[in-house]
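Engineer: Here's a structure for you.
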Amino acid sequence: MDTQNIALSIPTKILKRIKVIAARRGVSVSGLLTRLLEDFALREEGYRQAMEDHLATLKSISELGTGGVIRWNREKLHER
197 MDTQNIALSI PTKILKRIKV IAARRGVSVS GLLTRLLEDF ALREEGYRQA
247 MEDHLATLKS ISELGTGGVI RWNREKLHER
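Just so we're aligned: the sequence shown equals residues 197 to 276 in the working numbering.
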């Protein structure tokens, strides 16, 4: 995999915590951040695809059984 260097400004307190976590896992900070960013990108892509699929399904529904007419009102829905 090709890599590219980037510059990040991370608060010192957070960076110290990240270094400890990376050391516990036996990886570099760069490796840890790469994994986290890859997971984030995959989740975002999955969410986007799910949203597109959902919207396509909604567009394909032509009839919801009402004939386009609302036959109830608030009072009827809340009658006891």
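Just so you know, even glycine gets a beta-carbon here, dropped at the ideal spot from N, CA and C.
Nothing here was measured: the structure is a model prediction, and the numbers come from that model.
Where Arg231 and Ala246 are concerned, what is the direct C-alpha to C-alpha distance, given to the nearest angstrom?
Structural biologist: Their backbone Cα atoms lie some 22 Å apart in a straight line.
Engineer: DSSP three-state call for Leu230: helix, strand or coil?
Structural biologist: Position check: residue 230 holds Thr in this sequence, whereas Leu was assumed. In the structure shown, Thr230 sits in a helix (DSSP, three-state: H, G or I).
Engineer: Go ahead and pull the three-state DSSP assignment for Thr253.
Structural biologist: If DSSP states are grouped into helix, strand and coil, Thr253 belongs with the helices.
Engineer: Report all residues from its chain with a CB closer than 8 Å to the CB of Val223; omit the five preceding and five following residues, and keep chain order.
Structural biologist: Closer than 8 Å at the Cβ level, and outside the excluded window around Val223, lie Arg231.
Engineer: At the level of alpha carbons, what is the spacing between Glu241 and Trp268?
Structural biologist: If I take the Cα positions, the gap works out to 40 Å.
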